[in-house]
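Read top to bottom, the protein sequences are chains A and B.
Using this note's numbering, the first residue of the first sequence is number 174, and each one after it goes up by one.
Using this note's numbering, the first residue of the second sequence is number 174, and each one after it goes up by one.
Note that the Cβ used here is the ideal one computed from N, Cα and C, for glycine as well.
There are 2 protein chains.
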Amino acid sequence: MKTDTAIAAFAALAQETRLGVVRLLVQAGPAGLSAGDIATRLAVPASTLSHHLAQLERAGLLRSWRLQRQIFYACDYDGLRSLLTFLMQDCCQGRPELCPP
Amino acid sequence: MKTDTAIAAFAALAQETRLGVVRLLVQAGPAGLSAGDIATRLAVPASTLSHHLAQLERAGLLRSWRLQRQIFYACDYDGLRSLLTFLMQDCCQGRPELCPP
DNA sequence: TTCATAATTCCAGAATGATGGAAATGTATG
DNA sequence: CATACATTTCCATCATTCTGGAATTATGAA
């Protein structure tokens, strides 16, 4: 993963509504939720939420698909995993005996 | 962990120099590095780096201690762990059979 | 086609964050 | 005490991000 990608992902997580979206979708699992459903649950105007969903998707944290008139969002587990791996890469120079549990 | 704490931590990670600091210190392990050493390795002015180190420490991602004339920084492994746990909490409603590996 | 629904894009103002030289604050050495 | 060293704080400028109503686009129903 490139540094810029990771920065975009962390920036996406560094905002109350967006962090709420990701946590909600992490819990929801692969089935995801529609944009409107997310807006209702988080009590955010549709317009505002749309900006945030787009940013999260651009950052590789969500994926989306259309189902009839609605657009569903679920979290991108691969994206999340690569981000956390990037952050912890070569932890303690790869020597577990140095690494606090 | 509170939402505000997590937001501060992700915001701290969402910047090139600060992300570089954390990754460098993740690799360096518990022994840490001095502020000056970090400034040299990342080629950042001392003043600028100081702001970033302070922000990372406030966010609970680093800890610091003085050794003679230098101040050492190491990453706060507990802080990192709680952040990642907070993000992934109740993944797939706790049902691993739904959760993509 | 006409209407209703779901979501996104446009736009502007308000707020927040990054940067780094200069000055100030410790901390050790001669 | 005087000096050098390591780091932090002050300060001002510049840039980026957040917000949400109104207008727009896309889809499905009558």
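Quick one: list the residues of chain B neighbouring residue i, beta-carbon separation under 8 Å, in chain order.
i, result
"A/T258", "Within 8 Å Cβ-Cβ: nothing; A/T258 doesn't reach chain B, min ~11 Å."
"A/Y250", "C272 and P273"
What do you get for residue i, buried or exposed, if any count of 16 or more other CB atoms within 10 angstroms of its CB means buried?
i, result
"B/D177", "exposed"
"B/A232", "buried"
"A/G252", "buried"
"B/G202", "buried"
"B/D263", "exposed"
"B/G267", "exposed"
"A/R196", "buried"
"B/L271", "exposed"
"A/A204", "exposed"
Determine the chain A residues that contact residue i at a beta-carbon separation under 8 Å, and present them in chain order.
i, result
"B/Q200", "Q262, D263, C264, C265 and Q266"
Going by the C-beta, is residue i closer than 7 Å to any heavy atom of the ligand FAD?
i, result
"A/H225", "No copy of the ligand FAD occurs in the structure displayed, which carries no ligand at all."
Name the chain B residues whose beta carbon is nearer than 9 Å to that of residue i?
i, result
"A/R236", "Ordered by position in chain B, no residue passes the 9 Å Cβ test against A/R236, which lies about 12 Å from the chain."
Which chain B residues are close to residue i, counting only those with a beta carbon under 7 Å from its beta carbon?
i, result
"A/R231", "By Cβ distance, chain B contributes nothing, its closest Cβ being about 14 Å from A/R231, past 7 Å."
If you pair each beta-carbon of the region 218-226 of chain A with each one of the region 175-195 of chain A, do three or more pairs fall below 8 Å?
yes
Taking the runs of the alpha helix (DSSP H) that are 4 residues or longer, which of them lie wholly in the region 183-216 of chain A?
189-201 and 208-215
Near-chain A residues of the region 259-272 of chain B - C-beta to any C-beta below 9 Å
F259, L260, M261, Q262, D263, C264, C265, Q266, G267, R268, L271 and C272
At a CB distance below 7 Å, what residues from the region 203-219 of chain B approach chain A? Give them in sequence order.
P203
Check whether the region 197-213 of chain B touches the region 243-260 of chain B, taking contact to mean three or more Cβ pairs, one atom from each stretch, closer than 8 Å.
yes
The region 176-193 of chain A: which residues have C-beta closer than 9 Å to a C-beta of chain B, in chain order?
T176, D177, A179, I180, A181, A182, F183, A184, A185, L186, A187, Q188, E189, L192 and G193
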